[in-house]
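**Student:** Taking my numbering, the leading residue of the sequence shown gets 396, the next gets one more, and so forth.
Think of the CB as a built atom: it goes at the ideal place given N, C-alpha and C, for glycine as much as any other residue.
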Amino acid sequence: LKQPKPITQRLRNIPDATCKLFLSQQTQKNNPSSLKLFISYSSSSGHSHLSRCLCFWSLSPRSQLLRLTYRSLALGTPTSRSEENLGTYKMSRKGLMEQDLSKLDVTTLHPLSPEVISRQATINIGTIGHVAHGKSTVVKAISGVQTVRFKNELERNITIKLGYANAKIYKCEDDRCPRPMCYKAYGSGKEDNPSCDVPGFENARMKLLRHVSFVDCPGHDILMATMLNGAAIMDGALLLIAANESCPQPQTSEHLAAVEIMRLKHIIILQNKVDLVQENVAINQHEAIQNFIQGTVAEGAPVVPISAQLKYNIDVVCEYIVKKIPVPKRDFTLPPNMIVIRSFDVNKPGFEVDDIKGGVAGGSILTGVLKVNQYIEVRPGIVLKDENGNMKCTPIYTRIVSLFAEQNELQFAVPGGLIGVGTTMDPTLTRADRLVGQVLGDIGSLPDVFVELEVEPFCV
Numbered sequence: 396l397k398q399p400k401p402i403t404q405r406l407r408n409i410p411d412a413t414c415k416l417f418l419s420q421q422t423q424k425n426n427p428s429s430l431k432l433f434i435s436y437s438s439s440s441g442h443s444h445l446s447r448c449l450c451f452w453s454l455s456p457r458s459q460l461l462r463l464t465y466r467s468l469a470l471g472t473p474t475s476r477s478e479e480n481l482g483t484y485k486m487s488r489k490g491l492m493e494q495d496l497s498k499l500d501v502t503t504l505h506p507l508s509p510e511v512i513s514r515q516a517t518i519n520i521g522t523i524g525h526v527a528h529g530k531s532t533v534v535k536a537i538s539g540v541q542t543v544r545f546k547n548e549l550e551r552n553i554t555i556k557l558g559y560a561n562a563k564i565y566k567c568e569d570d571r572c573p574r575p576m577c578y579k580a581y582g583s584g585k586e587d588n589p590s591c592d593v594p595g596f597e598n599a600r601m602k603l604l605r606h607v608s609f610v611d612c613p614g615h616d617i618l619m620a621t622m623l624n625g626a627a628i629m630d631g632a633l634l635l636i637a638a639n640e641s642c643p644q645p646q647t648s649e650h651l652a653a654v655e656i657m658r659l660k661h662i663i664i665l666q667n668k669v670d671l672v673q674e675n676v677a678i679n680q681h682e683a684i685q686n687f688i689q690g691t692v693a694e695g696a697p698v699v700p701i702s703a704q705l706k707y708n709i710d711v712v713c714e715y716i717v718k719k720i721p722v723p724k725r726d727f728t729l730p731p732n733m734i735v736i737r738s739f740d741v742n743k744p745g746f747e748v749d750d751i752k753g754g755v756a757g758g759s760i761l762t763g764v765l766k767v768n769q770y771i772e773v774r775p776g777i778v779l780k781d782e783n784g785n786m787k788c789t790p791i792y793t794r795i796v797s798l799f800a801e802q803n804e805l806q807f808a809v810p811g812g813l814i815g816v817g818t819t820m821d822p823t824l825t826r827a828d829r830l831v832g833q834v835l836g837d838i839g840s841l842p843d844v845f846v847e848l849e850v851e852p853f854c855v
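(1) Under the assumption that LEU765 contacts SER608 (Cβ atoms under 8 angstroms), give the Cβ distance between them as a whole number of angstroms.
(2) Cβ atoms of ALA696 and ILE709: under 8 angstroms apart, would you say?
(3) Measuring alpha carbon to alpha carbon, tell me which residue in PHE746, TYR565 and ASP740 is nearest GLY757.
(4) Could you check what DSSP says for PHE596 in three-state terms: helix, strand or coil?
(5) Take every Cβ of the stretch 747–763, pair it with every Cβ of the stretch 527–542, and state whether three or more of those distances are shorter than 8 angstroms.
(6) Would the beta-carbon of THR819 fall within 8 angstroms of that of VAL755?
(7) As an exercise, report each continuous alpha helix (DSSP H) stretch of at least 4 residues that is fully enclosed by the stretch 633–675, in chain order.
(8) Could you tell me the distance, in whole angstroms, from the CA atom of LEU835 to the CA atom of ILE662?
(9) When you compare each of ALA637, ALA808, GLY690 and LYS743 to THR728 by their alpha carbons, which one comes out closest?
(10) With DSSP as the reference, identify every bridge partner of PHE807, one or two as the case may be.
(11) If you drop the 5 nearest sequence neighbours on each side, which residues of the same chain put their C-beta closer than 8 angstroms to that of VAL672?
(12) Going by DSSP, what residues sit across from PRO700 in a beta bridge?
(13) Count the other CB atoms, across all protein chains shown, that sit within 10 Å of the CB of VAL816; report buried if there are 16 or more and exposed otherwise.
(14) Mapping DSSP to helix, strand and coil, what is GLY482?
(15) Sort ASN785, LEU848, ALA800 and VAL796 by Cα distance to GLY584 and report the nearest one.
(16) Might you give, ordered along the chain, the residues of its own chain that have their beta carbon closer than 8 angstroms to the beta carbon of LEU604, omitting 5 neighbours on each side?
(17) Check whether the Cβ atoms of GLU655 and VAL692 sit closer than 8 angstroms, and answer yes or no.
(18) Is GLU849 helix, strand or coil by DSSP?
(19) Output the boundary residues of the alpha helix (DSSP H) element that contains PRO509.
(20) Can you name the residues that DSSP bridges to GLU493?
(21) Helix or strand or just coil, what does DSSP make of PRO775?
(22) In or out: ASN519 buried (at least 16 other Cβ within 10 Å) or exposed?
(23) If we count Cβ pairs, one from each stretch, closer than 8 angstroms, do we get three or more for the stretch 721–736 versus the stretch 786–795?
(24) State the DSSP-derived secondary structure class of PRO822, mapped to helix, strand or coil.
(25) In the DSSP assignment, find the unbroken alpha helix (DSSP H) run with CYS567 in it and report its ends.
(26) Please report how far the alpha carbon of ALA632 lies from the alpha carbon of GLU782, in whole angstroms.
(27) For VAL850, count neighbouring Cβ atoms within 10 angstroms of its own Cβ and tell me buried if that reaches 16, exposed if not.
(28) Taking all protein chains shown into account, do 16 or more other C-beta atoms lie within 10 angstroms of the C-beta of PRO842, making it buried, or fewer, making it exposed?
(29) From what residue to what residue does the beta strand (DSSP E) around THR793 run?
(30) Might you give, ordered along the chain, the residues of its own chain that have their beta carbon closer than 6 angstroms to the beta carbon of SER840, omitting 5 neighbours on each side?
(31) Considering SER538, what are the terminal residues of the alpha helix (DSSP H) in which it resides?
(32) Give every residue of the same chain whose Cβ lies closer than 6 angstroms to the Cβ of GLU510, excluding the five residues on either side of it in the sequence, and list them in chain order.
(33) Who are the near neighbours of SER590 in its chain, counting only those whose CB is closer than 8 angstroms to its CB and skipping five residues on each side?
(34) Please report the straight-line C-alpha distance between PRO575 and MET629, rounded to a whole angstrom.
(35) As a quick exercise: from PRO643, ASN667 and ASP837, pick the residue whose alpha carbon is nearest that of ALA683.
(36) How long is the line joining the alpha carbons of ALA677 and SER513, rounded to whole angstroms?
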């Protein structure tokens, strides 16, 4: 492509309304991988191979970069490359607050600050309970995100790995809007002040109250270790109990005991699948639930009858999340410290060397603030045995190249919701959850690594 400037200039003049219309149409078609807008263009530069071509805009949800690509369609055209990049432009998501590192002041930052809550979840809520009681379905009903994504999970219709989904919870600013319909949940990419959809209050705006990150735990007994891994970062929990089964089921008791050990105090009980039973059965089970939670950390917790499949009483769940699960206090001034609960390699087979990206670590920040272009270390890092058979730990030093909360790109990330940290480290080190359980933070700020502990038990 010898003269891209005329084409680039022409594409820049496309009205914004065209792009907005296109994005809304593609969103309805549930095509999250890429959003494309095809534009026919005829060149006036005199080059015959530019006379017939298509230019499309491709918006990657992960990078939020608008990339203009030229592709020649003229038959028999001798082109050295099938695609040529005409430019990359920053595209801000409409309705979300912009983050500016140059203006960042961690001393004034708060979990409910507009520039934080607009793009990142600041509270982690886990879904716990017995297998097939509707944990993943509840998360989908609230956030619209399907957390069961892997092939073996879809085949068995169970959660195997920890699932994640973010949701924004709003309340209508008009005090006359009736409860609980005034509460509404949307996906993480929703604008901060949408219109109310309650009949009669369409002209009112909704206020963003919470940005929640859901940790969808597996309910099968052999996956209890995975559930405990997710419980380490929970600020609150939704305990699912199916109305069409007796209470308690085995994993219902085990999961409740697990969160009690983790000293999790904020629990909401959801009596799911009430659409499958008669009223007297649901009432009797409600009494059984009250007897079950007596004397536990969940005693006194609200019990909300719902149907996750029909989205019945989901607005009530949103109201209870806002009122019963407070946003925990976070310290943004300490050095950053993050627990890694997922790690993966985003590169696919056949990638060119120049296109290979570094490993990605997913987790929740406990303290401090992570920033793009910040140098960090991961401990214990690479664990090997030396010649004498002793364990040797080598910390991994790397740089942050990107921060994401679902599809929202971040310039800085705060404690709270789950985030993805793109780095420059070798992706083989992060493949298949190899970094799970490790700690990520500022260089020199992480604690020492111990390979051997001596414990002396005593009785009180």
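**Tutor:** Judging by the given coordinates:
(1) With a Cβ gap of about 15 angstroms, LEU765 and SER608 do not count as contacting.
(2) no
(3) ASP740
(4) coil
(5) no
(6) no
(7) 645–656
(8) 29 angstroms
(9) ALA808
(10) LYS766
(11) ALA638, ASN639 and GLN680
(12) GLN666
(13) buried
(14) Confidence is the limiting factor: at GLY482 the pLDDT is only 32, short of 50, which leaves the residue's position unreliable, though a coordinate-based value still follows. Three-state result, GLY482: strand.
(15) ALA800
(16) ILE564, TYR565, LYS566 and VAL717
(17) yes
(18) coil
(19) 509–512
(20) Its beta-bridge partners do not exist; DSSP assigns none.
(21) strand
(22) buried
(23) no
(24) helix
(25) No alpha helix (DSSP H) contains CYS567, which is instead part of the beta strand (DSSP E) from 558–567.
(26) 46 angstroms
(27) exposed
(28) exposed
(29) 786–800
(30) PRO730
(31) 530–538
(32) MET492 and GLN494
(33) GLU597, ASN598, ALA599, ARG600 and MET601
(34) 25 angstroms
(35) PRO643
(36) 39 angstroms
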